[in-house]
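Here the structure is laid out as structure tokens; the discussion comes afterwards.
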Amino acid sequence: MEKQKRLTRGNGVILPIFSLPSKYGIGTFGKAAYDAVDFLSDAGVRYWQILPLGPTSYGDSPYQSFSSFAGNPYFIDLDFLIEDGLLKEDELDNLNFGDNERYVDYGIQYNLRYRILEKAYDRAKDLKKDQIEAFRKKEKAWLEDYALFMAIKREKFDVSWLEWDDDLKNRKKSALKNFKKENEDLVNFYIFLQYEFFSQWDKLKKYANRKEISIIGDLPIYVALDSADAWVNSDILQLDEDKNPILVGGAPPDSYSEDGQLWGNPLYDWEKMSENSYEFWIKRIGASLRLYDILRLDHFRGFEAYYAIPFEDDNARFGKWLKAKPYELFDKIKKAYPDSLFIAEDLGYITKEVDDLKDHYGFPGMNVIQFSFGENFDSNYLPHNYKNNSVVYGSTHDSDTLKGFLDEADEDLDELINKYFDLGEDDDRLWKIIRGLMASVSDLAIFEIQDFLAYGNESKINSPGSLGDNWKWRMVYDDFSEKLSEKIKEMSKIYGRFNNGQAEKK
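Under my numbering, residues 2 to 507 are what the sequence shown spells out, in order.
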């Protein structure tokens with residue numbers, strides 16, 4: 002198996018869609034997204050990393066989605082719907098999309114956004130009938146099941162599919178047919194939402210690619226328990242006869258958590274997946290490669306061996322490591338998509354077997370500077386230990402921002418950081434670290450937009466293990482400044498990361 006080609010040296014920015022400016026309470030595929038692409042292009046940035054684009058469920062995490070194939074309706078831009086004649090401006094007047102331009106109010110989005118989109122759907126039945134029907138035929142393999150799943154959930158007041166009537170839960174054909182017949186308009190509404198999502202996203206992605214900006218997207222390793230993925234593909238999951246998980250995913254106890262992490266995702270039955278030639282994964286990767294140019298494989302560790310926790314446990318202390326079939330899987334994936342590009346999220350405790358797997362396929366791994374400081378300066382996450390085929394991160398969506406990391410550092414850690422980067426009291430400490438990472442040999446140097454803006458942990462995207470204040474932070478229009486663009490551009494040029502038109506082409 003040939004190794005994947007190396008990624009073109011460059012820098013990148015993590016900027017989730019929901020974090021874009023918008024007058025409608027959440028970032029969308031609208032004008033601000035195109036402005037963001039222009040900003041990145043002017044700054045010489047080559048890679049735009051976003052978070053998963055799937056429809057979110059309880060907790061609003063893009064890593065717990067109702068589908069691996071569908072898109073989040075919140076990202077459909079309302080102004081574009083007005084331009085298409087599907088909405089009227091006065092229908093949006095005096096609507097309250099939230100009173101804080103820096104944070105998403107998901108409760109408002111849930112209660113308000115769908116009512117607005119239903120008005121657009123009513124007009125689209127005539128205005129876009131042929132286009133929607135063509136989209137429906139093209140995406141039939143996943144779209145019909147997803148739309149049906151969402152329609153049933155709505156009729157069942159959003160309860161999990163595990164609590165549905167047995168005939169619907171177990172996908173009895175006659176029950177599904179009857180429900181679809183009785184709720185045809187509701188099913189069609191969810192079809193329409195996906196048509197609009199993909200229409201708008203495809204245009205935005207093409208615009209970014211024309212600017213020679215490649216989109217990096219995250220692919221969660223597991224599917225959510227309450228998802229169309231699990232409902233349709235229950236045969237490849239470790240579920241009992243009542244469809245309840247036998248084992249669930251998580252991470253073992255470590256220095257950060259004595260109870261470990263209990264994620265609750267159902268685990269794959271690798272024997273069953275092997276028997277059907279990993280059909281679900283081949284389809285899933287194909288759908289993701291339509292959305293993104295490069296896939297970051299979240300929790301890459303779990304492809305080699307996965308941590309399995311009994312479903313009835315309330316913490317992750319008593320899980321066990323079980324072996325997967327990674328070479329079999331990735332051989333199938335690379336055969337189906339020989340030009341696919343992946344980044345391995347190989348953070349945490351990584352075994353030799355995981356490193357061997359990553360190196361076998363040539364997947365670049367990750368170095369997060371915030372995890373690197375110890376007394377002996379011997380961490381692999383420090384720039385002097387980097388390999389070319391790697392990605393260095395100033396921060397990630399799960400970490401402190403770079404400024405937050407500096408602000409929260411105790412005296413000992415602060416001294417180690419100062420020693421390594423030779424930070425002086427009068428220096429711009431944040432940008433000196435950014436410069437050090439830009440100068441490294443790693444092919445990619447990626448920063449959250451908050452790092453360039455010098456924003457602290459008030460702008461943090463996610464605090465793992467917590468609920469309530471995650472996935473909410475947003476930019477405002479004034480954050481896109483020419484001064485900042487010039488500063489990034491200059492550093493991009495100095496360290497050979499400038500986007501001069503040589504980025505990956507699709």
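All C-beta atoms in this analysis are idealised placements derived from N, C-alpha and C, irrespective of residue type, glycine included.
Complete beta strand (DSSP E) runs within the region 14–82 (minimum length 3 residues, chain order): Fully enclosed beta strand (DSSP E) runs of 3 or longer: 48–51.
First and last residue of the uninterrupted alpha helix (DSSP H) at Leu194: Residue 194 sits at position 193 when you count from the first residue of the sequence shown. Taken as a continuous stretch (DSSP letters only), the alpha helix (DSSP H) holding Leu194 covers 185–211.
Same chain, Cβ closer than 7 Å to Gly31, five either side skipped, listed in chain order: Position 30 of the sequence shown, counted from the start, is the residue given in the question as residue 31. So the qualifying residues of the chain are Ser23, Asp78, Asp80, Phe81.
Simplified DSSP assignment, three categories, for Gln5: Indexing the sequence shown from 1 puts residue 5 at position 4. When DSSP states are grouped into helix, strand and coil, Gln5 belongs to the coil group.
Extent of the continuous alpha helix (DSSP H) run through Tyr115: Residue 115 sits at position 114 when you count from the first residue of the sequence shown. 115–128 is the extent of the alpha helix (DSSP H) around Tyr115.
N- and C-terminal bounds of the alpha helix (DSSP H) containing Leu169: Translated into positions along the sequence shown, residue 169 becomes position 168. First-last of the alpha helix (DSSP H) with Leu169: 167–170.
Segment limits, alpha helix (DSSP H) that includes Gln451: Working through the sequence shown from its first residue, we reach residue 451 at position 450. DSSP places Gln451 inside the alpha helix (DSSP H), whose first and last residues are 450–454.
Buried or exposed (CB count within 10 angstroms, at least 16 for buried), Glu449: The residue labelled residue 449 in the question sits at position 448 within the sequence shown. Under this definition Glu449 is a buried residue.
The region 419–435 in contact with the region 469–481 per 3-pair CB rule at 8 Å: Touching, no, given that fewer than three Cβ pairs across the two stretches are closer than 8 Å.
Rounded distance between the beta-carbons of Leu118 and Ile192, thought under 8 Å: For the purposes of this step, residue 192 is identified with residue 191 of the sequence shown, where counting begins at 1. For the purposes of this step, residue 118 is identified with residue 117 of the sequence shown, where counting begins at 1. In this structure Ile192 does not touch Leu118 by the C-beta definition: roughly 12 Å separates them, more than the 8 Å allowed.
Alpha carbon of Ala410 to alpha carbon of Leu417, nearest angstrom: The count along the sequence shown starts at 1 and reaches residue 410 at position 409. The count along the sequence shown starts at 1 and reaches residue 417 at position 416. CA-to-CA, the gap between Ala410 and Leu417 works out to about 10 Å.
Beta-carbon proximity list for Leu187, same chain, < 8 Å, skipping 5 on both sides: Within the sequence shown, residue 187 is the residue found at index 186, counting from 1. The beta carbon of Leu187 lies closer than 8 Å to those of Ala152, Arg155, Glu156 in the same chain, with the five residues before and after it left out.
Inter-residue Cα distance where the pair is Gln110 and Ser62: Position 109 of the sequence shown, counted from the start, is the residue given in the question as residue 110. Position 61 of the sequence shown, counted from the start, is the residue given in the question as residue 62. Distance from the CA of Gln110 to the CA of Ser62, rounded to the nearest whole angstrom, comes to 14 Å.
Assigned exposure category for Trp232 - 16 Cβ within 10 Å defines buried: Residue mapping note: residue 232 aligns to position 231 of the sequence shown, counting from 1. Result: buried.
Gln50 beta carbon less than 8 Å from that of Val14: Here residue 14 refers to the residue found at position 13 when the sequence shown is read from its first residue. Here residue 50 refers to the residue found at position 49 when the sequence shown is read from its first residue. Contact flag set, yes.
Under 8 Å between C-beta atoms of Leu263 and Ala317: Mapped onto the sequence shown, residue 263 falls at position 262. Mapped onto the sequence shown, residue 317 falls at position 316. Cβ atoms of Leu263 and Ala317: closer than 8 Å.
Cβ pair Gly45, Lys494 closer than 8 Å: Here residue 45 is taken as the residue at index 44 of the sequence shown, counted from 1. Here residue 494 is taken as the residue at index 493 of the sequence shown, counted from 1. In this structure, the beta-carbon distance from Gly45 to Lys494 falls below 8 Å.
Nearest to Gly395 (by Cα), restricted to the options Asn377, Ile447, Ser486: Numbered from 1 along the sequence shown, position 394 holds the residue referred to as residue 395. Checked all of Asn377, Ile447, Ser486; the closest Cα to Gly395 is Ile447.
Where the beta strand (DSSP E) containing Ser391 begins and where it ends: Working through the sequence shown from its first residue, we reach residue 391 at position 390. Taken as a continuous stretch (DSSP letters only), the beta strand (DSSP E) holding Ser391 covers 391–394.
Segment contact, 8 Å Cβ cut-off, at least three pairs: the region 352–367 with the region 291–306: Contact check between the region 352–367 and the region 291–306: three or more CB pairs, one atom from each, fall below 8 Å, which counts as touching.
Secondary structure of Phe406, DSSP reduced to three states: Locating residue 406 in the sequence shown gives position 405, counting from the first residue. Looking at Phe406 - three-state DSSP - the assignment turns out to be helix.
Limits of the unbroken alpha helix (DSSP H) element including Asn419: Position 418 of the sequence shown, counted from the start, is the residue given in the question as residue 419. From DSSP, the alpha helix (DSSP H) with Asn419 extends over 412–422.
Neighbour-count burial assignment, Asn179, 16 or more Cβ in a 10 Å radius: Looking up residue 179 in the sequence shown gives position 178. Answer is exposed; the Cβ neighbour count stays below 16.
Cβ pair Asp127, Lys490 closer than 8 Å: In the sequence shown, the residue the question calls residue 127 occupies position 126. In the sequence shown, the residue the question calls residue 490 occupies position 489. Cβ atoms of Asp127 and Lys490: not closer than 8 Å.
Proximity below 8 Å, CB of Lys244 to CB of Lys181: Start at 1 with the first residue of the sequence shown, and residue 244 comes out as number 243. Start at 1 with the first residue of the sequence shown, and residue 181 comes out as number 180. Cβ atoms of Lys244 and Lys181: not closer than 8 Å.
Cβ-Cβ separation, Gly28 to Ser20 (assumed contact under 8 Å), whole Å: For the purposes of this step, residue 20 is taken as residue 19 along the sequence shown, with counting starting at 1. For the purposes of this step, residue 28 is taken as residue 27 along the sequence shown, with counting starting at 1. Your pair Ser20 and Gly28 checks out as a contact, with CB atoms roughly 6 Å apart and the cut at 8 Å.
Ala229 versus Gly55 - alpha carbon distance: Start at 1 with the first residue of the sequence shown, and residue 229 comes out as number 228. Start at 1 with the first residue of the sequence shown, and residue 55 comes out as number 54. Computed Cα separation, rounded: 12 Å.
The region 438–446 in contact with the region 386–405 per 3-pair CB rule at 8 Å: Touching, yes, given that three or more Cβ pairs across the two stretches are closer than 8 Å.
Beta-carbon separation (whole angstroms), Asn210 vs Phe281, contact threshold 8 Å: Within the sequence shown, numbered from 1, the residue matching residue 210 stands at position 209. Within the sequence shown, numbered from 1, the residue matching residue 281 stands at position 280. In this structure Asn210 does not touch Phe281 by the C-beta definition: roughly 28 Å separates them, more than the 8 Å allowed.
Under the three-state DSSP convention, the category Lys89 falls into: Indexing the sequence shown from 1 puts residue 89 at position 88. In the displayed model, Lys89 falls within coil according to three-state DSSP, outside both helix and strand.
Lys324 - DSSP class collapsed to helix/strand/coil: Translated into the one-based positions of the sequence shown, residue 324 becomes position 323. DSSP, reduced to helix, strand and coil, places Lys324 within a strand of the structure shown.
Pairwise C-alpha distance: Gly405 and Lys139: In the sequence shown, the residue the question calls residue 139 occupies position 138. In the sequence shown, the residue the question calls residue 405 occupies position 404. Lys139 and Gly405 have their C-alpha atoms some 46 Å from each other.
Lys506 versus Leu16: straight-line alpha-carbon distance, rounded: Counting from 1 along the sequence shown, the entry for residue 506 is found at position 505. Counting from 1 along the sequence shown, the entry for residue 16 is found at position 15. Note that Lys506 scores 37 on pLDDT, short of 50, meaning its location in the model is unreliable; the coordinates nonetheless yield the value given after this. Put simply, the backbone Cα of Lys506 is about 21 Å away from that of Leu16.
Terminal residues of the alpha helix (DSSP H) in which Met476 lies: Start at 1 with the first residue of the sequence shown, and residue 476 comes out as number 475. Where Met476 is concerned, there is no enclosing alpha helix (DSSP H), given that its DSSP letter is neither H nor E.
Helix, strand or coil at Asn245 [DSSP, three-state]: Numbered from 1 along the sequence shown, position 244 holds the residue referred to as residue 245. Coil.
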